[in-house]
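Be aware that the sequence shown starts at 1, since it is given in the UniProt record's numbering, and climbs by one per residue. Structure, as structure tokens:
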Amino acid sequence: MHVRANSIDDEIRLTVDAAVELANISAGEPLPDHEVLSELERLRAVLVEFEFLRARGATDAELGAFADRLVSVGRLVRSLPDIDLSSAVDALNAQLEAAAIAPSLSAHDGFALHIHWTGPSTPFAHQVAVDLLMALAQAVCDHGTDRFGRCAADDCNRVFHDTTKNHSRRFCTDPRCASRTHTAAHRARQNPE
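Here is the structure:
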């Protein structure tokens with residue numbers, strides 16, 4: 001993964017946000033603007049949106065293999081709002097241990113020197129899963145599980161990653177969730193009966 005961001009923190013944040021969106025897909029939660037796409041097309045769209053360069057050329061078989069890998073990563077991400085730090089560390093460590101990470105330094109395609117967590121011949125599914133796990137590990141090291149939440153809308157179970165300075169995020173990335181909730185609260189205040 002390569003990000004046109006100013007720092008490693010931006011890359012980690014973007015990769016964690018990708019992990020959250022992908023976890024919501026793997027849970028069958030609808031995504032705005034991607035609802036008419038097939039499951040594999042939705043995966044590709046999210047990966048491309050979050051600048052995973054190999055996603056554009058990934059075959060359906062590679063995306064299918066990634067969908068299989070996403071089951072365990074998605075389950076982990078969806079659990080983060082509900083588990084304590086010790087449980088999150090144990091779950092992440094178990095997946096990292098099984099991931100066979102082989103870091104190396106690389107500079108290619110006009111990008112500055114950066115870390116690849118897997119080798120150049122690593123299958124697409126494994127490479128993306130490892131990128132997601134390493135970003136999640138860094139996020140948990142930096143903030144514990146406090147920055148992971150579940151949408152406050154009554155009819156939504158999507159998770160989110162809160163990057164606000166004051167830890168105030170309450171809704172997922174679907175703007176309809178906040179809008180419906182705020183509209184319902186406004187109507188309830190206007191008609192208290």
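All residues carry an ideal CB built from backbone N, CA and C; glycine is no exception.
In the three-state reduction of the DSSP assignment, Ser38 falls in the coil class.
It is roughly 36 Å from the alpha-carbon of Gln190 to the alpha-carbon of Asp17. Using a C-beta cut-off of 8 Å, the stretch 147 to 166 makes no contact with the stretch 103 to 121, since fewer than three inter-stretch Cβ pairs fall below that distance.
Under the three-state reduction of DSSP, His116 is assigned to strand. DSSP places Phe171 outside both helix and strand once states are collapsed to three, so it counts as coil.
Taking a C-beta distance under 7 Å as the contact criterion, Leu70 and Ala91 do not qualify as a contact pair. Here DSSP, grouped into helix, strand and coil, assigns Gly144 to coil. Under the three-state reduction of DSSP output, Phe111 falls in the coil class, being neither helix nor strand.
When rounded, the separation of the alpha-carbon atoms in Ile115 and Thr181 is 42 Å. Taken through DSSP and simplified to helix, strand or coil, Phe160 comes out as strand. 7 Å or more divides the Cβ of Leu96 from the Cβ of Leu132.
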